[in-house]
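The next block holds one structure in the form of structure tokens; read it before the comments.
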Amino acid sequence: MITTTPAGVETSGMSRSMRYCTFDGETLQFGQSNYSVANIVKGNDGNYYFSDPISQLYASTWLRLSPAKGDTLVARFPQPVFSQQDDNGNDEYFYAFPMKLYLEDDGFGGTTPFLKLDTLDGGTRLRDSLRFVLRNDSLIQLDDVYMGLVNDKLQWAGYGDGEIVINKITVPKYEPTAEQIKRAQLYIMRTGDADSTRDWQVVKTVKDGNDIYVCNPYNNSDSQWMKGSLQGNMLHFDGNQYLGIDSTYMIHLYSRAAHYTLHEESDPVWGTNTSYYTFSFAPALDMPYNTAAGGYGVGDAAADTLAWLINAGNTVPFFVSSYIRPLFSPYADEASGPQAPQFQANQCKPYTTEEGYGYITFSYSKFDKKGHFLNPSKYFYRVFTLLTDDPMEPPHEFVFKADTYGSLKNDATQIPVQYADRSDFFTMNGSKDGEPTKAWASFNTYTNDFKAIGVQLVYGNSVTDIQWWRFLPTSVSTVSKDTKVVSTAYYDLTGRPLNAPSSGVCIKVTYYNDGSHVTQKMIGTAQH
């Protein structure tokens, strides 16, 4: 198994499109992606290699392609591309192998699609190779089959890719110089289709003559910017700009202008109302520019349906974050300090050996008591514990150990309120009752050696009093067999709530009647 970058000339950060399928033991799901990241190496040994050959399984391995006639390359199988340890601690290897889509009788008069090994010559031998062509800096799969993942018995392991194409990014990417970034100004971006639901966010901007750069608000990366140009009293942003790579999900991000449509539906049986947005790409974001104040943005008129999408890929609306009617104005940090956090009672659960973790959830205000917005880059929380019931015991500062909390590079005693790795740390905008001025954060715990756990908010030099949470002895229990789903919520990758699953990458949170919740990434494929 090739786990290190082969020696040779590497072309990194390429875009990979494919049809993929996954099988969870019950359901076979299909999707089409044009936003995955891939690297190609022209090896010193004369072979070619591409990274992460199974797109939905990031294993940091490489697939070998050997030169054939002309510009054709051939992948010969089986090739090991993934490994894990079995229940006995032994290494278990999985292999890339050609597979074909078949329809099986489901026993109810219908058919079920399934991947099986592909055969040749009337079924007398297995297909053991796939052809690719290297043409105009693009690697293109030729054979109309899937490259599946199998175990050492050649049994399908539930992953497969077909119609693979890997090519270079051709959409323009813009960014200011390092010196300009040092002098970036902070702006408030307000988004939403009504004042009562507007969300606030601090973004970095750079002005260079008639050029204005806005930092990607999804991740605040200094290497990802949308560029606009002043044209009279209007600020014009081209509607299709490349931003860069989301290293968490290994996808290519684009800045896309879009028009939104608000849909509202009612269920007369249950008496519920739901609303959600759909998007269609627009050629540009054109915003009135206030020269005196330096502000700009989409107006509040009903006809103004412009939105800014941070989109996975650039061919269909498949957003990781959306910003409805963005309005920008210079930000002056006048906040005096944070308000005290509040625990979310049904979202705190003690550690149990059966589940292997517990979690603590609290809400916090985005504003100080006078209504001044708190800059998230200066906003943190600290955690404390009490080990006994002694009222005189001093609080013990909790240390998030990097060897336990894997996304941390170093041990930490304070965590940014907006930090989320979707594994140990979570954050969502909006309180459970939908109040837009609040957000909530959650972190996992891996010990129960404390009597109480406390949270303190930190903003600059200001701190709140420690707020304490104690688990009742009766709350320490295993998951009941009678656990039932009570509600489901959806969020984009910045934690902003969605009214329904989007045609993009989003987070699904399922809440159960015992107070527990399960968080998982979803990739909607309905509009692919």
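Numbering follows the working numbering, with no gaps: position 146 of the sequence shown is 158.
Ideal placement from N, C-alpha and C gives every residue a C-beta, glycine not left out.
Tell me the start and end of each unbroken alpha helix (DSSP H) in the stretch 149-212 that is at least 4 residues and wholly inside, in chain order.
Here the runs fully enclosed are 190-194.
Roughly how many angstroms lie between the CA atoms of Ser333 and Asn323, to the nearest whole one?
7 Å
From Glu409 to Asn232, what does the alpha carbon distance come to, in whole angstroms?
29 Å
Looking at the strands, I want to know which residues DSSP matches up with His275.
Paired residue(s): Tyr288.
With DSSP collapsed to three states, give me the class of Ser454.
strand
Nearest by alpha-carbon distance to Arg337: which of Met30, Val86, Met201 is it?
Met201
Taking buried to mean at least 16 other C-beta atoms within 10 Å of its own C-beta, is Tyr114 buried or exposed?
exposed
Quick one: grab the DSSP three-state call for Ser389.
Reduced to three states, the DSSP call for Ser389 is helix.
Could you check which residue in Asp345, Val226, Leu321, Leu265 has the C-alpha nearest to that of Tyr308?
Val226
Just to confirm the assignment, what range does the beta strand (DSSP E) spanning Leu77 have?
74-79
For the beta strand (DSSP E) containing Ala324, list its first residue and its last residue.
Counting along the chain, the beta strand (DSSP E) containing Ala324 begins and ends at 318-324.
Can you tell which of Ala352, Ile176, Asn456 has its C-alpha closest to the C-alpha of Ser45?
The shortest C-alpha separation from Ser45 is found at Ile176.
How many angstroms separate the CA atom of Phe374 from the CA atom of Tyr393?
Put simply, the backbone Cα of Phe374 is about 10 Å away from that of Tyr393.
CA-CA distance, Tyr288 and Gly25?
33 Å
Would Lys382 and Ser341 qualify as a contact pair, given that the criterion is a beta-carbon distance under 8 Å?
no
Hey, is the stretch 262-269 in contact with the stretch 325-332, meaning 3+ C-beta pairs nearer than 8 Å?
The stretch 262-269 vs the stretch 325-332: in contact.
Looking only at its chain, what residues have a beta carbon closer than 6 Å to the beta carbon of Arg31, apart from the 5 residues adjacent to it on each side?
Gln44, Gly174, Glu175
State the DSSP-derived secondary structure class of Asn358, mapped to helix, strand or coil.
helix
Shortest alpha-carbon distance to Leu138 belongs to which of Leu166, Ala424, Asn245, Ile152?
Leu166
Give the DSSP-derived three-state secondary structure of Glu405 in the structure shown.
Assignment of Glu405 by DSSP, reduced to helix, strand and coil, places it in the coil class.
Taking Thr23 and Asn56 to be in contact with their CB atoms under 8 Å, please state how far apart those CB atoms are, rounded to whole angstroms.
That pair is no contact at about 15 Å.
For my contact list, Ile193 and Val215 are in at a C-beta cut-off of 8 Å; report their separation, rounded to the angstrom.
Not really, about 13 Å apart at Cβ, beyond 8 Å.
Looking at C-alpha atoms only, which residue of Pro388, Tyr458, Thr397 is the closest neighbour of Glu366?
Tyr458
DSSP beta-bridge partners for Glu116?
Thr124
From Thr397 to Arg482, what distance separates their C-alpha atoms?
If I take the Cα positions, the gap works out to 10 Å.
Can you say whether Phe462 is buried or exposed, counting buried as having 16 or more other CB atoms within 10 angstroms of its CB?
buried
Indicate the three-state DSSP secondary structure (helix, strand or coil) for Gln253 in the structure shown.
strand
Cβ of Cys33 within 7 Å of any heavy atom in the ligand GDP?
This structure lacks the ligand GDP; in fact it carries no ligand of any kind.
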